[in-house]
Amino acid sequence: MFYQPKDRLVYLSQCRGIGRKTLTKMVAEDRTLECIFTRSTVELQQCYQLTPEILKEIRDEENIKLSRKKSDTYKQQNIHLVTIFDEQYPESLREIYDPPFVLYIKGQLDLLQNTKSLSVVGTRDPSSNGLKSLKKIIEPLVYRGWMIVSGLAYGIDINAHQLTLACGGKTIAVLGNGFDHIYPREHASIASLIGENHILLSEYPPETKPAKWQFPMRNRIISGLSRGTIIIEAREKSGSLITGDQALQQGREVFAVPGSILEPRAAGTHRLIQQGAKLTTNVEDIIEELSNISHV
580 MFYQPKDRLV YLSQCRGIGR KTLTKMVAED RTLECIFTRS TVELQQCYQL
630 TPEILKEIRD EENIKLSRKK SDTYKQQNIH LVTIFDEQYP ESLREIYDPP
680 FVLYIKGQLD LLQNTKSLSV VGTRDPSSNG LKSLKKIIEP LVYRGWMIVS
730 GLAYGIDINA HQLTLACGGK TIAVLGNGFD HIYPREHASI ASLIGENHIL
780 LSEYPPETKP AKWQFPMRNR IISGLSRGTI IIEAREKSGS LITGDQALQQ
830 GREVFAVPGS ILEPRAAGTH RLIQQGAKLT TNVEDIIEEL SNISHV
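Per the working numbering, residue 580 is the first one in the sequence shown, and the count goes up by one each step.
Written out as structure tokens, the structure reads:
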């Protein structure tokens with residue numbers, strides 16, 4: 580049996596048949612989660628609409644032993660498990676509507692407490708002007724001590740990480756999959772570097788393979804870890820706009836870097852500006868907006 584609420588939370592988050600809504604209800608009703616292992620099967624079925632098969636799996640001693648073994652393996656691989664019950668859990672992420680219950684982390688845990696962070700996202704196939712705009716924004720931010728959060732994807736994301744590293748800054752890469760299946764594969768080496776001296780983060784266990792539905796979920800973490808989100812080149816239906824929407828829903832700032840009206844890759848960012856995002860042409864636009872909220 581598990582002796583700590585944290586261990587129970589990690590275990591239940593990995594159990595087949597327990598979705599986010601069910602786990603949220605479980606935590607709300609008993610923060611220790613002890614009742615899941617002590618209440619009668621009938622009570623749990625009625626309360627959480629779980630099938631007898633799923634309940635049997637949850638309480639299966641072999642599954643519990645396997646979970647403990649996994650946790651030991653994670654420690655050997657220098658993977659930290661930070662749950663929403665822990666003091667190390669970043670406050671900015673705790674504040675969002677649907678925070679992840681468990682974070683799997685490689686790297687420097689103290690960076691989770693860095694409140695001076697901004698996320699940067701954009702198209703997977705940036706133009707030369709888009710990359711120049713990225714450099715113009717990123718470099719002075721890093722030199723002023725800002726940590727850059729992004730998603731390790733092709734294009735703007737990976738270039739944001741690389742520029743930050745080149746400038747000697749700190750970065751967080753948020754994955755939409757587990758550490759054992761870095762996606763895209765071409766970014767495995769930089770993921771390894773980030774996982775040693777910065778932070779590589781996922782809400783999915785290491786063995787989780789990439790799946791399309793996981794990446795939009797990943798976006799809420801990217802924006803949730805940040806004071807604001809900078810979007811550099813995004814088409815009309817770009818996934819980057821999802822991150823911008825998430826940031827707005829979380830009450831965070833959105834900064835959109837304009838491009839040419841002849842460039843399809845700038846259509847999404849222009850739409851964001853029309854909808855109220857901060858038109859951003861240099862780092863001062865960002866600092867000024869954040870300064871109006873709190874001391875930067």
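Positions of the beta carbon are idealized from the N, C-alpha and C atoms, including for glycine.
*Does the pairing of the stretch 710-727 with the stretch 854-865 give three or more beta-carbon distances under 8 Å?*
yes
*asked:* Taking 8 Å as the threshold (C-beta atoms), are His760 and Pro789 in contact?
replied: Numbered from its first residue, the sequence shown carries residue 789 at position 210. Numbered from its first residue, the sequence shown carries residue 760 at position 181. Contact flag set, yes.
*Cα separation between Tyr590 and Leu827?*
Position 11 of the sequence shown, counted from the first residue, corresponds to residue 590. Position 248 of the sequence shown, counted from the first residue, corresponds to residue 827. So the two alpha carbons sit approximately 32 Å from each other.
*Within the 8 Å Cβ cut-off, does Ala846 reach chain B?*
No chain B is present in this structure, which holds just one protein chain.
*With a cut-off of 8 Å, do at least 3 Cβ pairs link the stretch 727-737 to the stretch 668-675?*
When C-beta atoms of the stretch 727-737 are compared with those of the stretch 668-675, fewer than three pairs fall below 8 Å, so the two segments do not count as touching.
*For Glu782, is the classification buried or exposed, using 16 other Cβ atoms within 10 angstroms of its Cβ as the cut-off for buried?*
Walking along the sequence shown from the start, residue 782 turns up at place 203. That one is buried.
_Need the endpoints of the beta strand (DSSP E) that Leu779 sits in, please._
Taking the sequence shown and counting its residues from 1, one reaches residue 779 at position 200. Note, Leu779: beta strand (DSSP E), Ile778 to Ser781.
*Could you tell me whether the stretch 601-621 touches the stretch 693-711, using the rule of 3 or more Cβ pairs below 8 Å?*
Between the stretch 601-621 and the stretch 693-711 there are fewer than three inter-stretch CB-CB distances shorter than 8 Å, so the stretches are not counted as touching.
*Going by alpha carbons, who is nearest to Leu660 out of Tyr683, Leu645, Pro678 and Ser646?*
Position 81 of the sequence shown, counted from the first residue, corresponds to residue 660. Here the closest residue by C-alpha is Tyr683.
*Pick out the complete beta strand (DSSP E) segments inside the stretch 685-770, 3 residues or longer, and give them in chain order.*
696-701, 726-729 and 750-753
*Just tell me which of Glu775, Gly823 and Lys816 has its CA closest to the CA of Arg797.*
In the sequence shown, counting from the first residue as 1, residue 797 sits at position 218. The shortest Cα separation from Arg797 among Glu775, Gly823 and Lys816 belongs to Gly823.
*Tell me Lys857's beta-bridge partners as DSSP assigns them.*
Numbered from its first residue, the sequence shown carries residue 857 at position 278. Note: Lys857 sits in a beta bridge opposite Phe834.
*Which residue's Cα is closest to the Cα of Thr743: Ser819, Pro837, Arg723 and Asn756?*
Here residue 743 is taken as the residue at index 164 of the sequence shown, counted from 1. Nearest of Ser819, Pro837, Arg723 and Asn756 to Thr743, Cα basis: Arg723.
*Of the listed residues Gln692, Val700 and Ile658, nearest to Gly686 (C-alpha basis)*: By one-based count along the sequence shown, residue 686 stands at place 107. Per the Cα distances, Ile658.
_For Ile852: DSSP bridge partner residues_ = Here the question's residue 852 lines up with position 273 in the sequence shown. None; Ile852 has no bridge partner.
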